[in-house]
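Please read the structure below before turning to the comments.
There are 2 protein chains.
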Amino acid sequence: MDAAKYDVVGIGNAIVDVLAHADDDFLQSHELAKGAMTLIDSETAANLYDEMGPAVECSGGSAANTIAGLASLGGKGAFVGKVRDDQLGAIFRHDIRTLGVGFDTLLAQSGTPTARCLIFVTPDAQRTMLTYLGACVELGPDDIDPDVIAESKICYLEGYLFDPPQAKEAFIKASEMSHDAGRLVSLSLSDAFCVGRYRDEFRDLVKNHVDILFANEDEIKSLYETKTFDEALQHVREGCDIAALTRSENGAVIVSGEEVHVLDAEPVANLADTTGAGDAFAAGFLFGFTQEMPLDKCGRIGAIVAAETIQHMGARPDVSFRELVENTLEESLD
Amino acid sequence: MDAAKYDVVGIGNAIVDVLAHADDDFLQSHELAKGAMTLIDSETAANLYDEMGPAVECSGGSAANTIAGLASLGGKGAFVGKVRDDQLGAIFRHDIRTLGVGFDTLLAQSGTPTARCLIFVTPDAQRTMLTYLGACVELGPDDIDPDVIAESKICYLEGYLFDPPQAKEAFIKASEMSHDAGRLVSLSLSDAFCVGRYRDEFRDLVKNHVDILFANEDEIKSLYETKTFDEALQHVREGCDIAALTRSENGAVIVSGEEVHVLDAEPVANLADTTGAGDAFAAGFLFGFTQEMPLDKCGRIGAIVAAETIQHMGARPDVSFRELVENTLEESLD
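Same order as they appear, the protein sequences are chains V and P.
With numbering that gives the first Met the number 0, the residue at position 315 of the first sequence is 314, and numbering never jumps.
With numbering that gives the first Met the number 0, the residue at position 186 of the second sequence is 185, and numbering never jumps.
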C-alpha cells in the first residue's frame with residue numbers, strides 16, 4: 000500500500016449521541032423500532048427528548064466513531080462531516096480533533112443545529128437509535144477536499160450518508176476521487192433498514208465501487224434479500240474484493256476471494272451498551288489492514304476493540320485501543 | 000417534620016460536567032490542584048478544553064447532583080440554579096426535570112453561556128475540577144421563590160454558592176425564608192479551598208444558621224483549622240445540631256449532640272471516578288432524614304448511593320437509587 004498522509008479518511012454524519020437507559024415498555028409505547036436507526040424530525044426529537052430519562056452526551060456518528068477508534072489504535076485518520084457553529088458542534092469537533100484526527104469541514108453558520116441521536120439502551124444492552132440529522136443535511140460535494148482523499152490510503156463511507164440528499168453526491172465524488180488516486184474505497188452498510196431504503200444503489204456500489212465492505216448479519220441479508228447468512232456470504236464473495244461480516248456474539252467472517260476466516264467473538268465480562276460495536280470493529284480491521292497485517296489479524300483486532308466498546312455507555316473508546324490490543328495480543332504494535 | 004410539597008429544595012451552581020481521563024503528569028504540567036475545585040475564566044476554560052482528551056458530558060453541579068439523587072430515591076425535590084438559553088442549558092434542564100424535580104429558575108437570555116466544569120479523572124479515580132461559572136453569576140435573590148422555600152422541609156445549600164457574588168445574597172435570603180417558615184437549613188461545605196476562601200462566614204453560618212451540615216474530612220478540618228479529624232469533630236458538635244462527616248474509604252461519622260455514629264464505608268468493586276461521592280451521600284442522608292428515619296440509617300443510605308456513584312464516570316445516578324438501596328438493605332422503602 001502506497002505511503003500516505005492518512006491511513007483512512009472517514010466521511011459520515013457528524014452526530015452527538017444522547018444516551019439514556021430505557022425499558023422495553025418504553026420502546027413499545029413509543030413505537031420505536033428496537034435495534035434500528037430511525038430518522039426523526041426536529042419536533043419528534045424534542046418530544047422524545049422530553050420523555051427520555053436523564054442522559055449522557057458523547058460524540059458519535061458511525062464513520063466518526065470508526066476514525067476515532069483508528070486514532071486510538073495509533074492510526075492516522077481524517078474525518079469529513081458537517082456540524083453547526085453551536086455548543087454540540089464544538090463538542091463534536093473537540094472530541095475528534097483531540098485524538099489527532101484531521102477534521103477541517105467548514106462549520107455551518109446558519110440553518111439547523113448540530114445533529115443528535117437519541118439512543119435508548121434497554122436492559123439487554125441493545126441500543127435503539129433515533130436520529131435528527133440537523134446540520135448533516137448541509138454536507139455536499141464542496142466539502143470533499145481532493146487533497147485529503149488523495150492522501151488517504153482508504154476512503155471509508157457510512158451507508159447512513161445516503162439519507163441526507165446532498166451527502167450522497169459527496170459520497171460518490173469522494174469514492175471516484177479515491178480510485179482516481181489509486182486508493183481503496185470502503186463502505187459500511189450501517190443499518191438493515193438503511194439498506195432497505197437504498198438497496199439497488201448499494202448493490203451497484205458494492206459491485207462496482209467498493210473494495211472493502213463492512214456489514215453485520217442483518218445488513219448483508221437485507222442487501223441480497225437472502226434468508227440465511229451463508230447465502231448472503233456467497234453473494235458477497237462475488238460482489239467485492241474484501242468483506243468483513245460481523246455476527247455479534249457469533250464472531251465475524253472475513254472473506255476475500257478464496258480466503259475465508261471464521262473468527263470467534265472476544266469474551267465480554269459486562270455487556271453494557273452495544274452502541275458503536277460495528278464502528279469499532281471497522282476501526283480495528285482498517286487499522287490492521289493499513290498496517291498491511293493479514294486479514295485474520297485485522298479481524299481479531301476489530302473483535303478486540305468491539306468487545307471493549309460494548310462494555311461501557313457510548314460508542315467512543317473509553318481506554319487506549321492501542322494498549323488494549325497490545326495487552327490482549329501480547330505484542331507491540333510498533 | 001411537617002408535611003410539605005418538597006422534601007428538599009437545593010440551591011446551587013447549575014453546571015454541565017465535561018469528563019475525561021488524564022494522567023498525573025497532565026495535572027502537574029498544567030499546575031492543576033489535584034482533587035480540588037478551582038475556578039477558571041472563559042479563556043482558561045477554552046485553552047484547557049483544547050488540551051483535554053475526548054470527553055463525555057453529563058449534568059452536574061453539587062446541589063443539583065444531590066437533588067437528582069434524592070429524586071432517584073423517590074424523594075420530592077426542587078432545584079434553583081441559573082443556566083443560559085443555550086444547548087448545554089437545555090441539557091441541564093432536561094436531566095433534572097426528567098427526574099421529576101421542580102426546576103423553574105428563569106433561563107438567562109443574554110450574558111455568558113451555561114457553566115461547565117472540566118473534570119480530569121486520574122487512574123486512581125480521583126477527580127480534579129476546573130469550573131467556568133458562566134451563567135451561574137446571574138443567580139440572585141430574585142430567583143428565590145418564597146413559596147418553594149416555604150414548601151420544602153429542608154433548604155439545602157452548597158458552599159460553592161459563595162463564589163458567584165450575587166448568589167451569596169440568594170443563599171442568605173433562602174436560609175432566612177426557610178427558618179421563618181419553620182423549616183430546616185442544610186449546608187454542604189463543598190471543598191476545602193472554598194472553605195478557606197470564606198472561612199469566617201462559613202463558621203458564622205454553621206453556628207447561627209445551619210441545622211444539618213455536610214463536610215468531608217478536609218473541609219471540616221479547614222473550617223476549624225485543626226490538625227486532626229477528632230479535634231474538628233469536637234468543634235462541630237458545639238457548632239450545629241446535626242453534622243454528617245464523610246471520610247471516603249474510612250466511612251462517615253454522624254453527630255447530633257450526644258448521639259454519635261461511626262459508620263463503615265460500603266464495599267466498592269470497581270472504583271472509576273469519585274466525582275459526586277459527597278453529593279450522593281447528602282442525597283441519601285437527606286432522603287432518610289425527610290422520611291424521619293434514624294440518623295444511622297440516613298448515613299447508611301448515603302454510603303450506599305455514594306459507593307454506587309464512584310463506580311462509573313459522572314456524578315449523577317446511573318441506576319435507580321431506590322432499587323439499589325432496597326436491594327442492599329433487603330427492605331422496601333415504601
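Cβ atoms here follow ideal geometry from the backbone N, Cα and C, with glycine treated the same way.
Note that this is a predicted model, so its numbers are computed, not measured.
Exercise for the section: Could you say which of P:262, P:206, P:189 lies nearest to residue 235 (chain P) if we only look at CA atoms? Expected result: P:206
Practice task
Would you mind stating whether residue 114 (chain V) and residue 132 (chain V) have Cβ atoms separated by less than 7 Å?
Solution key: yes
Practice task
Taking residue 288 (chain P) as part of the alpha helix (DSSP H), name the residues at either end of that continuous run.
Solution key: 276-289
Exercise for the section: Would you identify the three-state DSSP class for residue 239 (chain P), choosing helix, strand or coil? Expected result: coil
Exercise for the section: Mark residue 33 (chain P) as exposed unless 16 or more other C-beta atoms lie within 10 angstroms of its C-beta, in which case mark it buried. Expected result: exposed
Practice task
Under 9 Å between beta-carbons, which chain V residues line up against residue 114 (chain P)? List them in chain order, please.
Solution key: Within chain V, no residue comes near residue 114 (chain P); the closest Cβ sits about 12 Å away, beyond 9 Å.
Practice task
For residue 168 (chain V), I'd like the list of residues in its chain whose CB is within less than 6 Å of its CB, leaving aside the five on either flank, ordered along the chain.
Solution key: 140
Problem - Whole-angstrom distance between residue 212 (chain P) and residue 213 (chain V), CA atom to CA atom - result: Their backbone Cα atoms lie some 57 Å apart in a straight line.
Handout entry: Reference residue 11 (chain P); option with closest CA among P:120, P:51, P:58, P:241
Key = P:58
Exercise for the section: Starting from the C-beta of residue 41 (chain P), find all residues in its chain whose C-beta is less than 8 Å away, skip the five residues before and the five after it, and write them out in chain order. Expected result: 111, 131, 133
Practice task
Consider the Cβ of residue 335 (chain P): report whether some Cβ of chain V lies at a distance smaller than 7 Å.
Solution key: Only positions 0 to 333 of chain P appear in this structure, which leaves residue 335 (chain P) out of reach.
Exercise for the section: Thinking residue 79 (chain V) and residue 97 (chain V) are a contact (beta carbons under 8 Å), I'd like their distance in whole angstroms, please. Expected result: Not quite, the Cβ-Cβ distance comes to about 18 Å (not below 8 Å), so this is no contact.
Problem - Residue(s) in a DSSP beta bridge with residue 262 (chain V) - result: V:251
Problem - Alpha carbon of residue 189 (chain V) to alpha carbon of residue 289 (chain V), nearest angstrom - result: 21 Å
Exercise for the section: Taking only beta-carbon positions, decide if residue 55 (chain V) is within less than 7 Å of chain P. Expected result: yes
Practice task
Quick one: using the 10 Å Cβ neighbour count with 16 as the cut-off for buried, is residue 196 (chain P) buried or exposed?
Solution key: exposed
Practice task
Assign residue 88 (chain V) to buried or exposed, taking buried as 16 or more other Cβ atoms, counted over all protein chains shown, within 10 Å of its Cβ.
Solution key: buried
Handout entry: Inter-residue spacing [alpha-carbon to alpha-carbon] between residue 304 (chain P) and residue 3 (chain P)
Key = 24 Å
Practice task
Compare the C-beta of residue 16 (chain V) with all C-beta atoms of chain P and state if any pair is closer than 7 Å.
Solution key: no
Problem - Cβ-based contacts, 7 Å cut-off: residues of the region 80-108 of chain P near chain V - result: From the region 80-108 of chain P, only 85, 86, 87, 90, 93, 94, 97, 98 have a Cβ closer than 7 Å to chain V.
Problem - Beta-carbon neighbours of residue 48 (chain V), restricted to chain P and to distances below 7 Å - result: Simply 93.
Practice task
Please name the residue, chosen from V:266, V:208, V:302, V:81, that lies closest to residue 185 (chain V) on a Cα-to-Cα basis.
Solution key: V:208
Practice task
Name, in chain order, the residues that DSSP records as bridge partners for residue 364 (chain V).
Solution key: One cannot answer for residue 364 (chain V) here, as it falls past the ends of chain V, which runs 0 to 333.
Exercise for the section: Can you give me the Cβ contacts of residue 180 (chain P) inside the same chain, cut-off strictly under 7 Å, excluding the 5 residues immediately before and after it? Expected result: Non-local C-beta neighbours of residue 180 (chain P) in its own chain, meaning closer than 7 Å and more than five positions away in sequence, comprise 148, 149, ordered along the chain.
Exercise for the section: Output, in chain order, the set of chain P residues within a Cβ distance shorter than 9 Å of residue 128 (chain V). Expected result: What residue 128 (chain V) touches in chain P, judged by beta-carbon distance under 9 Å, is nothing: the nearest beta carbon there is about 18 Å away.
Handout entry: Neighbour-count burial assignment, residue 226 (chain V), 16 or more Cβ in a 10 Å radius
Key = exposed
Problem - Start-to-end residues for the beta strand (DSSP E) that takes in residue 92 (chain V) - result: Taken as a continuous stretch (DSSP letters only), residue 92 (chain V) belongs to no beta strand (DSSP E), being part of the alpha helix (DSSP H) at 86-96.
Problem - Proximal chain P residues relative to residue 52 (chain V), where beta-carbon distance stays under 9 Å - result: Listed along chain P are 94, 97, 98, each with a C-beta nearer than 9 Å to that of residue 52 (chain V).
Practice task
Establish whether the CB of residue 315 (chain P) and some CB of chain V are separated by less than 7 Å.
Solution key: yes
Exercise for the section: Sort P:90, P:81, P:73 by Cα distance to residue 99 (chain P) and report the nearest one. Expected result: P:73
Handout entry: Cross-chain neighbours of residue 221 (chain P) in chain V, by beta carbon under 8 Å
Key = The premise fails here: residue 221 (chain P) is roughly 32 Å from chain V at the closest Cβ pair, so nothing lies under 8 Å.
Practice task
Leaving aside the five residues before and after residue 156 (chain V) along the sequence, list all residues of the same chain whose C-beta is less than 6 Å from its C-beta, in chain order.
Solution key: 10, 170, 186
Practice task
Determine the contact status of residue 14 (chain V) and residue 60 (chain V), defining contact as a CB-CB distance below 7 Å.
Solution key: yes
Handout entry: CB-CB length for residue 320 (chain P) against residue 68 (chain P), believed under 8 Å
Key = Confirmed, Cβ separation roughly 6 Å.
Exercise for the section: Could you tell me the distance, in whole angstroms, from the CA atom of residue 200 (chain P) to the CA atom of residue 222 (chain P)? Expected result: 10 Å
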